[in-house]
Amino acid sequence: MNGSQKIAIVGAGNLGIAIAKGIVEKGLRAPAEIILTRRHVHELAIYEKEGFLISADNKVVVAQSRIIFLCVQPNQIDALLVEIKSEITADHILVSVITGVSLDRLKDKLIPKCQLIRAMPNTAIALGQSMTCLASNGSNGALELVVTLFQTLGLTMIIEERLMQAATVLGASGIAFFMRYLRAATQAGVQMGFDTEEAQLIAVQTAKGAASLILENQSHPEVEIDKVTTPQGCTIEGLNEMEHQGFSSSLIKGVMTSFNKINQMKS
Ligand SMILES: NC(=O)c1ccc[n+]([C@@H]2O[C@H](COP(=O)([O-])OP(=O)(O)OC[C@H]3O[C@@H](n4cnc5c(N)ncnc54)[C@H](OP(=O)(O)O)[C@@H]3O)[C@@H](O)[C@H]2O)c1
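For the sequence shown, our numbering assigns the number 4 to the initial residue and increments by one for each residue that follows.
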């Protein structure tokens, strides 16, 4: 075992903090067993008050931890790898959540010896509601361990690494896509006479209910749509108008545009 069983979040920004909070929320680790790092370490003072350990010294933190989440931006990873390379050992499990950075690129830059996993969660991880896709290019127990960890923070799926860009768009960018739907539905609700808060609550709880119907009934969206569309009723009329205006088409085109963009990024 390298160092302790501490978890390090290297690059504790939006996603890193969400992961740390989710881990504590689910009782997997106490805050004192999680070390958060960033260069502007003063920005982490509020988390230190919550009991997390904080540091600006990635090398020391890596030496003190076993599971290391790499949560920096894609253009920050190369400098970080140069910095921590000397501290990495075969016992370390490195989990990269960095968009578009392949396992091969990490391996080349680093550490053929340590266990590498790529994970793509989304920001709902802070509430234990993430969809996390994971890939690993080695057969080792580390993937199992990391999957177990992410399973407590939502749902997980092990995928081939070639699908990681698609998983990023569907699962991580997907949060933004659904938020835009919720905002639009809220605006429609306001136009029909609700206050913004009322309209938003109705839209959000309805979206949650719709997702639960699929997740819990294991049914198909069209089966659930059939249940709420009466012949000549208002729902089918609205649905058809949405399709005439290109609803499904614009969604698919938007997702594919994100996918094309992510594929142009350096991996
Ligand atoms: N947000 C999402 O929904 C989401 C979902 C899946 C994956 N991702 C991926 O997750 C990564 C992080 O995203 P994010 O939204 O959390 O970005 P972010 O808020 O910008 O967080 C990155 C953090 O890394 C820190 N940092 C940069 N260089 C560092 C270094 N050398 N040592 C220590 N800390 C360093 C930055 O703080 P300082 O400047 O103070 O160092 C910053 O707080 C990205 O690669 C993104 O593609 C994001």
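Backbone N, C-alpha and C define an ideal beta-carbon position, used for all residues, glycine too.
Once DSSP output is grouped into helix, strand and coil, what is the label at M4?
In this prediction, M4 has a pLDDT of 36, which is less than 50 and means its spatial position is unreliable; what the coordinates show is noted afterwards. Three-state result, M4: coil.
Okay, do the stretch 59-77 and the stretch 19-30 touch, 3+ Cβ pairs below 8 Å being the bar?
yes
Residues that DSSP places opposite F153 in a beta bridge
Note: F153 sits in no beta bridge, so no partner.
Is any heavy atom in ligand 1 found nearer than 6 Å to the beta carbon of H223?
no
Check the DSSP bridge columns for Q271 and list the partner residues they point to.
Past the boundaries of the shown model lies residue 271; the chain is included only from 4 to 270, so the question cannot be answered.
heavy atom of ligand 1 below 6 Å from C74 C-beta
yes
Measure the beta-carbon distance from I1 to C117 and round it to whole angstroms, keeping in mind my assumption that it falls under 8 Å.
There is simply no residue 1 to check, as the chain begins at 4 and stops at 270 in what is shown.
Residue interval of the beta strand (DSSP E) (run including Q118)
Q118 to M123
Leaving aside the five residues before and after M259 along the sequence, list all residues of the same chain whose C-beta is less than 8 Å from its C-beta, in chain order.
Excluding residues within five positions, none has a Cβ falling inside 8 Å.
What do you reckon, is the C-beta of R42 under 6 Å from a heavy atom of ligand 1?
yes
Alpha-carbon spacing of S253 relative to E246, whole angstroms:
Cα-Cα distance, rounded: 10 Å.
Quick check on F55: does DSSP put it in helix, strand or coil?
coil
Smallest Cα separation from T40: which of K29, F55 and N125?
Check the Cα spacing between T40 and each of K29, F55 and N125: the tightest is with F55.
Tell me which residues share the same chain as L84 and place their Cβ nearer than 6 Å to its Cβ, disregarding the 5 neighbours each side in the sequence.
K112 and L113
Closest by CA to I178, which one among E163, A210 and A15?
With distances taken between Cα atoms, I178 lies closest to A210.
Kindly list the residues whose CB is nearer than 8 Å to the CB of V193, restricted to its own chain and excluding five residues on each side of it in sequence; keep chain order.
Answer for V193: T199 and A202, listed in chain order.
Ranges of the alpha helix (DSSP H) found wholly within the stretch 37-117, counting only runs of at least 4
48-52, 61-67, 80-87 and 106-112
Quick check: the Cα distance between L156 and P34, rounded to an integer number of angstroms?
16 Å
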